[in-house]
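Below: one structure, written as structure tokens.
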Amino acid sequence: MVTVEIESNQKRLRRREKGRKYQTFCKNDMNKKRVIWIELLRVMACIGVIGIHAGSQHFRDTPLDSSVWAVSNFYHGINRFAVASFIMISGCLYLDSKRTWNLRRLWKRNILPIAAAYIFWQMFYAVYRIITNGTLAKGSKAALVKFMVYISKSYFHLWYLPMLIGLLIITPMLWEIVNSARGKQWEEYMIVLFLVFQILPYTINYFPLPWKDHIMDILQTVQPEMVTGYIGYFILGHYLSHYEVSKKLEYLVYVLGVILILAAIGLCYRNQENQYSHFMRTTHWQDFSGEVRFFCFSKTMYPRSNGMKNRKRGSAIWEAALLESI
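With the numbering used here applied, the sequence shown corresponds to residues 559 to 884, in that order.
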């Protein structure tokens, strides 16, 4: 009887301890602040991703002189800011000075879950494509070859996940750079390099300029890998969120963003042969200005945070990449 009573008391104590831990967890979670302007930008970016995919469904199979293509072109053009906005949000959150980075925790909690999701969906889509395109009828060897081909290249929207993994791998090093004593100067330097070596070449390549091939050869002779790709948007997100931009520059960005996005929509008609491949890029001046415009607008409209319960930082960003095509 004594033993049973002792075990019963121990169970009650364990239940109370669990209850206290749960209350403490809820209290701490509720005390976290949600930044309204980031949430607003995230919502706009989600809507923009839907607009991109809805607007680009018939880019390849619709006549350029049809009204359907014109409408698709318009909706696709005004939503070009979406993908890079997610990257800028990631930079704003992951490079924040209040964070402390632990490499083991980074890989376990940030990188590996994304990698697992990417591998799973790559295999899922590979099997799905093999079944639907009739490869199984050609034998198991042909199916295995196709499977290896399919999983070796990111399927459709899944390209975002390995790109984000690459950014997360170097995030601790970038964090040390941008949060150093001269962090602002280093960020400005990297943003300028990003504009010169990433944004400018793609923009020049879009126009039929004289001596274009020679200009492109010169620009591509030196390729500082540290500032090419999407890392510039990652750094830019942190810079715009942590440092004030003058009102004149902010208004200039708004005006240029509208003008260049409308110009991009119009210029799509000029390059009819490669209009889809050019328009799908997010590294033109018009896309860059549009992304900066929405980022500044969200921060200006809602600069403060409130007491809403917070989710894991950046969690919705790569989850949206998985769900966007659905």
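In this text, a Cβ means the ideal position worked out from N, Cα and C, and glycines have one as well.
This one's a predicted model, so the numbers in the text were calculated from it and none came from an experiment.
{"Check": "Proximity of ILE789 and LEU725 at Cβ, strictly below 8 Å", "Outcome": "yes"}
{"Check": "Same chain, Cβ closer than 8 Å to GLN615, five either side skipped, listed in chain order", "Outcome": "SER630"}
{"Check": "Euclidean distance between Cα positions of PHE617 and ASN660", "Outcome": "45 Å"}
{"Check": "Limits of the unbroken alpha helix (DSSP H) element including HIS772", "Outcome": "770 to 777"}
{"Check": "LEU807 versus ASN763: straight-line alpha-carbon distance, rounded", "Outcome": "27 Å"}
{"Check": "Nearest neighbour of GLN756, chosen from PHE765, PRO730, MET784, GLN743 [CA to CA]", "Outcome": "MET784"}
{"Check": "CB-CB length for GLU745 against VAL736, believed under 8 Å", "Outcome": "5 Å"}
{"Check": "Beta carbon of ARG657 nearer than 8 Å to that of TRP733", "Outcome": "yes"}
{"Check": "Selected residue, minimal CA-CA separation from TRP595, among ALA821, GLY795, ILE823", "Outcome": "GLY795"}
{"Check": "Integer-rounded CB distance, given that ILE688 should sit under 8 Å from ALA701", "Outcome": "5 Å"}
{"Check": "Span separating the alpha-carbon of LEU767 from that of ARG667", "Outcome": "48 Å"}
{"Check": "Beta-carbon spacing of ILE776, ARG638 below 8 Å", "Outcome": "no"}
{"Check": "C-beta contact flag for LYS742 and TYR801 at 8 Å", "Outcome": "yes"}
{"Check": "Reference ALA642; option with closest CA among GLU597, LYS805, PHE792", "Outcome": "PHE792"}
{"Check": "Limits of the unbroken alpha helix (DSSP H) element including VAL707", "Outcome": "698 to 710"}
{"Check": "Contact check, ILE823 vs PHE632, beta carbons under 8 Å", "Outcome": "yes"}
{"Check": "N-terminal and C-terminal residue of the alpha helix (DSSP H) that ARG687 is part of", "Outcome": "670 to 690"}
{"Check": "Coil, strand or helix - ASN832 by DSSP", "Outcome": "Only weak support exists for where ASN832 lies, its pLDDT of 48 falling under 50; the coordinates are left without a value."}
{"Check": "Assigned exposure category for HIS772 - 16 Cβ within 10 Å defines buried", "Outcome": "exposed"}
{"Check": "Proximity of TYR747 and TYR713 at Cβ, strictly below 8 Å", "Outcome": "no"}
{"Check": "Alpha-carbon to alpha-carbon, LEU670 and TYR708", "Outcome": "21 Å"}
{"Check": "Alpha-carbon to alpha-carbon, GLY692 and CYS604", "Outcome": "35 Å"}
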